[in-house]
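Take a look at the structure below.
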Amino acid sequence: MPRQTMLRRLALAAAVLLLSGVTAWGQEHSGRREAPTPFPPSRPTLAVEDTLRQNAAEPLPEILVTAPRQTLDEILRRVAEGEAHRDSLMQDQAFTLLVRLSGRNAQDDPEEKSELYSESADRIYQKRPKQERVVHLKDWSREEEKHKKEGKKGGEQNVKVSFDADMSESFIAFAFDPKMRARFQFRIEDRKLVGDQIVYLLSFTPRPSLEALPSGRVWLNTNDFVILREEFSYPERSPMPLFIQSFESCVLERTLIDHRYWVVSRILARVTLTDPVRWMGKLAGDEIPKVVDLALARTDWIINGGIPDSLFAPAETGR
0 MPRQTMLRRL
10 ALAAAVLLLS
20 GVTAWGQEHS
30 GRREAPTPFP
40 PSRPTLAVED
50 TLRQNAAEPL
60 PEILVTAPRQ
70 TLDEILRRVA
80 EGEAHRDSLM
90 QDQAFTLLVR
100 LSGRNAQDDP
110 EEKSELYSES
120 ADRIYQKRPK
130 QERVVHLKDW
140 SREEEKHKKE
150 GKKGGEQNVK
160 VSFDADMSES
170 FIAFAFDPKM
180 RARFQFRIED
190 RKLVGDQIVY
200 LLSFTPRPSL
210 EALPSGRVWL
220 NTNDFVILRE
230 EFSYPERSPM
240 PLFIQSFESC
250 VLERTLIDHR
260 YWVVSRILAR
270 VTLTDPVRWM
280 GKLAGDEIPK
290 VVDLALARTD
300 WIINGGIPDS
310 LFAPAETGR
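Every letter in the sequence shown is one number past the one before it in numbering that gives the first Met the number 0, and letter 152, counting from 1, is 151.
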C-alpha cells in the first residue's frame with residue numbers, strides 16, 4: 000500500500016476504529032483488571048408520584064401511582080439479558096452499508112462548511128458462526144478524484160468499516176457488559192411513555208481509572224430491554240492520544256426490523272485529529288482535515304433469510 004494511502008487511512012480510520020475499540024479494550028485488559036467491585040445492596044423502593052408527564056394540550060385526570068420501582072441494579076441486569084436475547088435471535092443477515100467521511104480544517108469556526116472526503120457503499124452478508132462476505136458497490140474519494148484529474152494513479156483511499164461478524168453488536172452495549180459494568184457509574188435520568196412502552200434514559204460515567212473510558216447516556220426499551228439510542232464521548236482524555244486530540248461525540252441509533260429484530264441503523268461521530276497526524280499527511284502530499292465527521296447508515300435489511308453457506312465460499316468472496 001502506498002505511503003500516502005497508509006497515512007490517510009491511519010488518520011481517517013481513527014474515528015471508525017473506536018466503534019469496536021471499546022469492546023476490544025475490555026477484552027484486552029480483562030486479564031489484568033482487579034476484581035469487580037460489587038454494587039451496593041439495594042431494595043425496590045415504593046414510588047408514590049405522578050409517574051407519567053401529561054400533555055398540557057390534552058389534560059387528563061391526575062392518577063396517583065403507588066407501585067414498587069425497579070432498582071437500578073435490576074435494570075442493568077435486564078439490559079444485559081435483553082441484549083443477549085436480541086443477539087440470540089440473529090442467525091444470518093444482509094444489509095447495505097453506506098459510509099461518508101467529511102471534514103473541515105477550522106476547529107472553532109462553526110461557519111466553515113465540511114467538505115466530503117470519501118464515501119462508499121457495500122452489501123454485507125453475515126451468518127453464524129462468524130461468516131461474512133462484503134460486496135463493494137461504490138468507492139469514491141476526493142484524493143482519488145484529484146489523482147484522476149492530474150493523470151496520476153491513486154491507491155485505495157476509502158475507509159472500510161466492519162461490524163461484529165457474529166452480529167452481536169457488542170459495540171453499543173459495552174458499558175452494560177457484565178465484564179465492564181463495574182467500571183462505570185449509572186444513573187436513571189428520566190422515563191417517558193412512548194407509544195405502548197416505557198423508555199428509560201440512563202447515564203453512565205467511568206469510575207476513577209487511569210484508562211480512557213467514555214461517558215454517555217442510553218435510551219432503553221423496557222418491552223425488550225434493548226438499547227434504542229446511545230450517545231457517548233470522551234470528555235476527560237482521548238482514547239488514542241497520538242492520533243486523536245479529542246473525541247467529541249458518537250451517536251448510535253437502532254431500528255426495529257420485521258417487528259422483531261433491533262439493529263443499529265445509523266452512526267454519527269466526530270473527532271479532532273492531532274497536529275502531528277496532519278503534518279505527516281502533508282509530508283506525504285496528503286491533505287488531512289482537522290475535524291473529521293463520520294456518517295454511517297445500514298439499510299435494506301434481510302434478517303434470517305436463510306443465506307446459503309456457498310455464498311461465503313473463499314473462491315467467491317473476492318476479498
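No residue lacks a Cβ here, since even glycine has one placed at the ideal position from N, Cα and C.
Owing to the predicted nature of the structure, the values given are computational and were not obtained by experimental measurement.
Contact set for residue i: own chain, Cβ-Cβ below 6 Å, skip 5 residues either direction
| i | result |
| --- | --- |
| R141 | Y116 |
| V250 | E230, L267 |
| R269 | E247, S248, D292 |
| L227 | W218, N220, R253 |
| E168 | V263 |
| A296 | L97, R265 |
| W300 | F94, I256 |
| R277 | I287 |
| R77 | F224 |
| W139 | E118 |
| H135 | D121 |
| T298 | T95 |
| I302 | Q92, I256, Y260 |
| A174 | F183, F203 |
Opening and closing residue of the beta strand (DSSP E) in which residue i lies
| i | result |
| --- | --- |
| I301 | 290–302 |
| N220 | 214–220 |
| S232 | 225–233 |
Presumed contact (8 Å Cβ cut-off) between residue i and residue j, rounded CB distance
| i | j | result |
| --- | --- | --- |
| I123 | F94 | 6 Å |
| D165 | K129 | 5 Å |
| L88 | R236 | Wrong, their Cβ atoms sit about 37 Å apart, outside the cutoff. |
| V225 | E82 | 6 Å |
| R180 | L255 | About 25 Å separates the two Cβ atoms, so there is no contact after all. |
| R103 | V290 | 5 Å |
| T273 | L241 | 7 Å |
| W261 | R99 | Incorrect: roughly 24 Å between the Cβ atoms, too far for contact. |
Residue i burial status per 10 Å Cβ neighbour count (16 or more: buried)
| i | result |
| --- | --- |
| L293 | buried |
| A172 | buried |
| R186 | exposed |
| A312 | exposed |
| G194 | exposed |
| P275 | exposed |
| P234 | exposed |
Residues bridged to residue i [DSSP beta-bridge criterion]
| i | result |
| --- | --- |
| V263 | R253 |
| Y124 | A93, R132 |
| L201 | I187, V217 |
| F246 | Y233, V270 |
| L192 | I197 |
| G102 | E114, V291 |
| S140 | S117 |
8 Å CB neighbourhood of residue i in its chain, flanking five on each side removed
| i | result |
| --- | --- |
| S41 | Because the pLDDT of S41 is 45, which lies under 50, any placement of that residue in the model is unreliable, and the number read from its coordinates should be weighed accordingly. So the qualifying residues of the chain are T70, L71, D72. |
| P177 | A79 |
| Q184 | F203, T204, P205, R206 |
| S232 | P213, S214, G215, F246, E247, S248, C249 |
| D308 | K126, Q130 |
Same chain only: Cβ atoms within 7 Å of residue i, ignoring 5 sequence neighbours per side
| i | result |
| --- | --- |
| E188 | L200, L201, S202, R216 |
| I306 | D91, A93, Y124, K126 |
| N222 | Q196 |
| L113 | It should be noted that the sequence gives Ser, not Leu, for residue 113. Same-chain partners within the cutoff: S101, G102, R103, D292. |
| L310 | Y124, R132 |
| E144 | none |
| S208 | R182 |
| Q244 | S237, T271, L272, T273 |
| G304 | D91, A93 |
Opening and closing residue of the alpha helix (DSSP H) in which residue i lies
| i | result |
| --- | --- |
| G81 | 71–87 |
| L282 | 274–282 |
Residue i Cβ short of 7 Å to the ligand NAP heavy atom set
| i | result |
| --- | --- |
| K289 | This structure lacks the ligand NAP, and indeed carries no ligand of any kind. |
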